[in-house]
Amino acid sequence: MPDLRAPRGMHDLLPEDEALWRFVRDTAERVARLFDYRLISTPIVEDSHVFLRTVGDESDIVSKEMYLFDDRGGDHLALRPEGTAAVARAYLEHGMASRPQPVRLCYFGPMFRYDRPQAGRYRQLWQFGVECIGDASPSADVEVIELQRTLYEELGLGDLKLRINSIGTAETRRRYVEALRSHLEPHVATLSRDSQRRFETNVLRILDSKEDAEHPALQSVPSILDYLDEGDEAHFTEVRALLDTLHVTYEVDPRIVRGLDYYARTVWEFEPAGAGGQSTVGAGGRYDGLIELLGGPHTPGVGFATGIERIMLNLKDRPTAVEAPRVDLYVAPLGEAVNGAAMHAARRARAAGFAVRAGFPGRGMRAHFRAAESANARFIAIVGENEATRDVVQLKPLDVTDAEQREVAFDHLAEALR
RNA sequence: GUGGGCGUCGCCUAGCGGUUAAGGCGCCAGGUUGUGGCCCUGGAGACCGAGGGUUCAAAUCCCUCCGCCCACCCCA
Numbered sequence: 169m170p171d172l173r174a175p176r177g178m179h180d181l182l183p184e185d186e187a188l189w190r191f192v193r194d195t196a197e198r199v200a201r202l203f204d205y206r207l208i209s210t211p212i213v214e215d216s217h218v219f220l221r222t223v224g225d226e227s228d229i230v231s232k233e234m235y236l237f238d239d240r241g242g243d244h245l246a247l248r249p250e251g252t253a254a255v256a257r258a259y260l261e262h263g264m265a266s267r268p269q270p271v272r273l274c275y276f277g278p279m280f281r282y283d284r285p286q287a288g289r290y291r292q293l294w295q296f297g298v299e300c301i302g303d304a305s306p307s308a309d310v311e312v313i314e315l316q317r318t319l320y321e322e323l324g325l326g327d328l329k330l331r332i333n334s335i336g337t338a339e340t341r342r343r344y345v346e347a348l349r350s351h352l353e354p355h356v357a358t359l360s361r362d363s364q365r366r367f368e369t370n371v372l373r374i375l376d377s378k379e380d381a382e383h384p385a386l387q388s389v390p391s392i393l394d395y396l397d398e399g400d401e402a403h404f405t406e407v408r409a410l411l412d413t414l415h416v417t418y419e420v421d422p423r424i425v426r427g428l429d430y431y432a433r434t435v436w437e438f439e440p441a442g443a444g445g446q447s448t449v450g451a452g453g454r455y456d457g458l459i460e461l462l463g464g465p466h467t468p469g470v471g472f473a474t475g476i477e478r479i480m481l482n483l484k485d486r487p488t489a490v491e492a493p494r495v496d497l498y499v500a501p502l503g504e505a506v507n508g509a510a511m512h513a514a515r516r517a518r519a520a521g522f523a524v525r526a527g528f529p530g531r532g533m534r535a536h537f538r539a540a541e542s543a544n545a546r547f548i549a550i551v552g553e554n555e556a557t558r559d560v561v562q563l564k565p566l567d568v569t570d571a572e573q574r575e576v577a578f579d580h581l582a583e584a585l586r
């Protein structure tokens, strides 16, 4: 057992996982393009205030999960725990408010949260996310949900369940939190310790406690939907109407509250049918107050983020057609003396766009064939003394049994590989 | 942060007080002195997670630590 390992909760992505990973990434970028969302890459590190100001002091992300450090110049930096605040910062910094609104952006990259790892939860996690900034209409919410739904469908995860809710504006939540507090107050003593703590810090969080889910006080809890104001109500109604028109199936779940403070109005989650554990594959919401928290003008926005590892987790349970990578040609030099000639042959093939695995001298014929086999090569080119002096190779197809082998000059190698 | 399970070659697993620590996959080589996939033979590869203790004897029992996994919390 080596004494140096990858940091806790962080993982190496091995070549054999690459194909599936690339499939997910390519699909995400392709679907984003279908909706005209453009890729933006922000630094992995931000001024810590980008998150401290926006995410919410009571959130676990800020209170215990951030990787914080000071650099040599004394700047307070954070490894980004999520993408939205960083994208919003870039929107502001680059004056994107003066572009045609809304601005449609997407990102793909690693996020960092110092948390105890478990199934589907990592300290370095990859997210794909989408942000539609600068438009307050329900159409924007639905466009983002539709993009996310399309993505899952294209990935083969079309059976994920969508649950949506509206948590109103900050004012709505103030009134609701008050009602929630007075509803729960008489029962505090009988709630779990965690919920008792949350009663003081963040009452909304009690709603998604697994421990107290069966508690009578929670069964009879008031619904936030009854506290929406007229504008919230109209917005949510329109979102649902549009989803219905598109035949998107969803379930309204008044228990959904997002972990981050900047959310407003529409919030949603996608999870597998047999939910449990760290099951949420992707979640999103509207964040009309976020850019103000960063010191900008009031700017509406809506987006989602989805966890790549969680997508992979769900993908691994089902048959996916991801073809194994293969090589066009394996070049087998028989001895040191012909190594240069073999390298020339390889260069010719590569120049024509063929993938070539170079065998190195010092191995026997059988070893070369086995290596070519394991590279899943279409052809093997044998270069011995006899061939090297005449600039030719013995070329043999490997896919068929008892294939005919023929002599091919370097000059004709590319066409022979076609 | 809390609770539970587990750590034996690169991977999977056997062994559960006395074995040169076993097998499969993979890797390397030979059988075929320049021709693959199958088969056969051989080889390399493990201070049995670390440290301490019990014992004539510890991979096996006990303690501590570390790591991984799972659940809670929280979240993607």
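Quick note, the first sequence lines up with residues 169 to 586 if you use the numbering used here. Cβ atoms here follow ideal geometry from the backbone N, Cα and C, with glycine treated the same way. Since the model is a prediction, treat every value here as computed from it, not as a measurement.
Cβ pair Glu299, Leu273 closer than 7 Å: Locating residue 299 in the first sequence gives position 131, counting from the first residue. Locating residue 273 in the first sequence gives position 105, counting from the first residue. In this structure, Leu273 lies closer than 7 Å to Glu299 by Cβ.
Can you give the beta carbon distance from Phe578 to Arg516, rounded, assuming they're within the 8 Å contact cut? Here residue 578 is taken as the residue at index 410 of the first sequence, counted from 1. Here residue 516 is taken as the residue at index 348 of the first sequence, counted from 1. Going by Cβ atoms, the distance from Phe578 to Arg516 rounds to 5 Å, so yes, they are a contact pair.
Tell me, please, which residues DSSP counts as bridged to Lys564. Residue 564 sits at position 396 when you count from the first residue of the first sequence. The partner list for Lys564 (beta bridge, DSSP) reads Ile548.
I need the straight-line Cα distance from Arg173 to Thr417, nearest angstrom please. Residue numbering aside, residue 173 sits at position 5 when the first sequence is read from its first letter. Residue numbering aside, residue 417 sits at position 249 when the first sequence is read from its first letter. One C-alpha to the other measures close to 44 Å.
Verify whether the separation of the beta carbon atoms of Arg258 and Thr210 is less than 7 Å. Numbered from 1 along the first sequence, position 90 holds the residue referred to as residue 258. Numbered from 1 along the first sequence, position 42 holds the residue referred to as residue 210. Correcting the residue identity first, residue 258 is Ala in this sequence and not Arg. Against a cut-off of 7 Å, the Cβ pair of Thr210 and Ala258 comes out as a contact.
For His244, report the span of its beta strand (DSSP E) as first-last. Your numbering for residue 244 matches position 76 in the first sequence. From DSSP, the beta strand (DSSP E) with His244 extends over 244-247.
Taking three-plus beta-carbon pairs below 8 Å as touching, is the stretch 193-204 in contact with the stretch 311-326? Touching, yes.
Tyr282 versus Arg538 - alpha carbon distance: As a working note, residue 282 is residue 114 in the first sequence. As a working note, residue 538 is residue 370 in the first sequence. Taking the straight line joining both Cα atoms gives about 45 Å.
Length-filtered (3 minimum) beta strand (DSSP E) runs lying within the stretch 402-468: 432-439, 450-454
Let me know if Val568 comes out buried or exposed under the rule of 16 or more other beta-carbons within 10 Å of its beta-carbon. Taking the first residue of the first sequence as position 1, residue 568 is located at position 400. By the C-beta density criterion, Val568 is exposed, having fewer than 16 other C-beta atoms within 10 angstroms.
The beta strand (DSSP E) spanning Arg331 covers which residue range? For the purposes of this step, residue 331 is taken as the residue at position 163 of the first sequence. Element bounds for Arg331: 329-334.
Coarse secondary structure for Asp303, derived from DSSP in three states: As a position in the first sequence, residue 303 is number 135, starting the count at 1. In the structure shown, Asp303 sits in coil (DSSP, three-state: anything other than H, G, I, E or B).
May I ask you to list the residues that DSSP assigns as paired with Leu236? Sequence index remark: in the first sequence, residue 236 carries index 68 (1-based). Paired residue(s): Ala246.
Any chance the stretch 239-257 sits against the stretch 462-470, with 3 or more Cβ pairs inside 8 Å? yes
Please report the distance separating the alpha-carbon of Leu428 from that of Glu477. As a position in the first sequence, residue 428 is number 260, starting the count at 1. As a position in the first sequence, residue 477 is number 309, starting the count at 1. Taking the straight line joining both Cα atoms gives about 21 Å.
The beta strand (DSSP E) that contains Leu273, what's its start and end? One-based indexing of the first sequence puts residue 273 at position 105. Where Leu273 is concerned, the enclosing beta strand (DSSP E) stretches over 271-280.
Could you tell me the alpha carbon to alpha carbon distance between Gly469 and Asp303, rounded to whole angstroms? For the purposes of this step, residue 469 is taken as residue 301 along the first sequence, with counting starting at 1. For the purposes of this step, residue 303 is taken as residue 135 along the first sequence, with counting starting at 1. Whole-angstrom Cα-Cα distance: 6 Å.
Alpha carbon to alpha carbon, what distance is there between Asp456 and Thr318? The residue you call residue 318 lines up with position 150 of the first sequence. The residue you call residue 456 lines up with position 288 of the first sequence. If you take the alpha carbons of Thr318 and Asp456, they lie about 24 Å apart.
For Leu207: DSSP bridge partner residues: Along the first sequence, read from residue 1 onward, the residue named residue 207 stands at position 39. Leu207 pairs with Cys274.
Test item: CB-CB of Ile550 and Ala519 under 7 Å: Reading the first sequence from its first residue, position 382 is the one you call residue 550. Reading the first sequence from its first residue, position 351 is the one you call residue 519. The beta carbons of Ile550 and Ala519 sit no closer together than 7 Å.
Cβ neighbour criterion (16 or more within 10 Å) applied to Ala509: Taking the first residue of the first sequence as 1, we reach residue 509 at position 341. With 16 or more other Cβ atoms within 10 Å, it is buried.
Grouping DSSP H, G and I as helix and E and B as strand, with all else coil, what is Leu182? Taking the first sequence and counting its residues from 1, one reaches residue 182 at position 14. Correct three-state label for Leu182: coil.
Would you mind giving the Cβ-Cβ distance between Arg176 and Arg248, rounded to the nearest angstrom? I have them listed as a contact below 8 Å. The residue given as residue 176 occupies position 8 in the first sequence. The residue given as residue 248 occupies position 80 in the first sequence. The Cβ separation is near 19 Å, so there is no contact.
Arg408 versus Arg365: straight-line alpha-carbon distance, rounded: Residue numbering aside, residue 408 sits at position 240 when the first sequence is read from its first letter. Residue numbering aside, residue 365 sits at position 197 when the first sequence is read from its first letter. Those two C-alpha atoms are separated by around 35 Å.
Inside the stretch 490-517 only - beta strand (DSSP E) runs reaching at least 3 residues: 495-501
Taking Cβ positions, are Val435 and Arg426 nearer each other than 7 Å? Position 267 of the first sequence holds residue 435. Position 258 of the first sequence holds residue 426. It is a contact, given that the beta carbons lie within the stated cut-off.
In whole angstroms, what is the alpha-carbon distance linking Phe367 and Gly288? What you label residue 367 is simply residue 199 of the first sequence in a count that begins at 1. What you label residue 288 is simply residue 120 of the first sequence in a count that begins at 1. Roughly 28 Å between the two C-alpha positions.
Residue burial classification, Asp400 (beta-carbon count within 10 angstroms, cutoff 16): By one-based count along the first sequence, residue 400 stands at place 232. Answer is buried; the Cβ neighbour count reaches 16.
Roughly how many whole angstroms lie between the Cα atoms of Ala432 and Gly527? Counting from 1 along the first sequence, the entry for residue 432 is found at position 264. Counting from 1 along the first sequence, the entry for residue 527 is found at position 359. Rounded to whole angstroms, the separation of the alpha carbons of Gly527 and Ala432 is 60 Å.
Count the other CB atoms within 10 Å of the CB of Met533; is the residue buried (16 or more) or exposed (fewer)? The residue you call residue 533 lines up with position 365 of the first sequence. Exposed.
Hey, could you find the ends of the alpha helix (DSSP H) Val213 is sitting in? What you label residue 213 is simply residue 45 of the first sequence in a count that begins at 1. No alpha helix (DSSP H) contains Val213, which is instead part of the beta strand (DSSP E) from 213-215.
CA-to-CA distance, Pro183 to Ser388, given in whole angstroms: Position 220 of the first sequence holds residue 388. Position 15 of the first sequence holds residue 183. Straight-line Cα distance between these residues: approximately 51 Å.
As a quick exercise: from Val449, Arg240, Glu572, Leu188, pick the residue whose alpha carbon is nearest that of Gly326. Counted from its first residue, the first sequence places residue 326 at position 158. Checked all of Val449, Arg240, Glu572, Leu188; the closest Cα to Gly326 is Val449.
In the structure shown, what three-state DSSP assignment does Thr369 receive? As a first step, residue 369 is located in the first sequence; it is residue number 201 there, counting from the start. Correct three-state label for Thr369: helix.
If you check the beta carbons only, do Arg558 and Ala543 fall under 7 Å apart? Position 390 of the first sequence, counted from the first residue, corresponds to residue 558. Position 375 of the first sequence, counted from the first residue, corresponds to residue 543. Their beta carbons are not under 7 Å apart, which means Arg558 does not touch Ala543 by this criterion.
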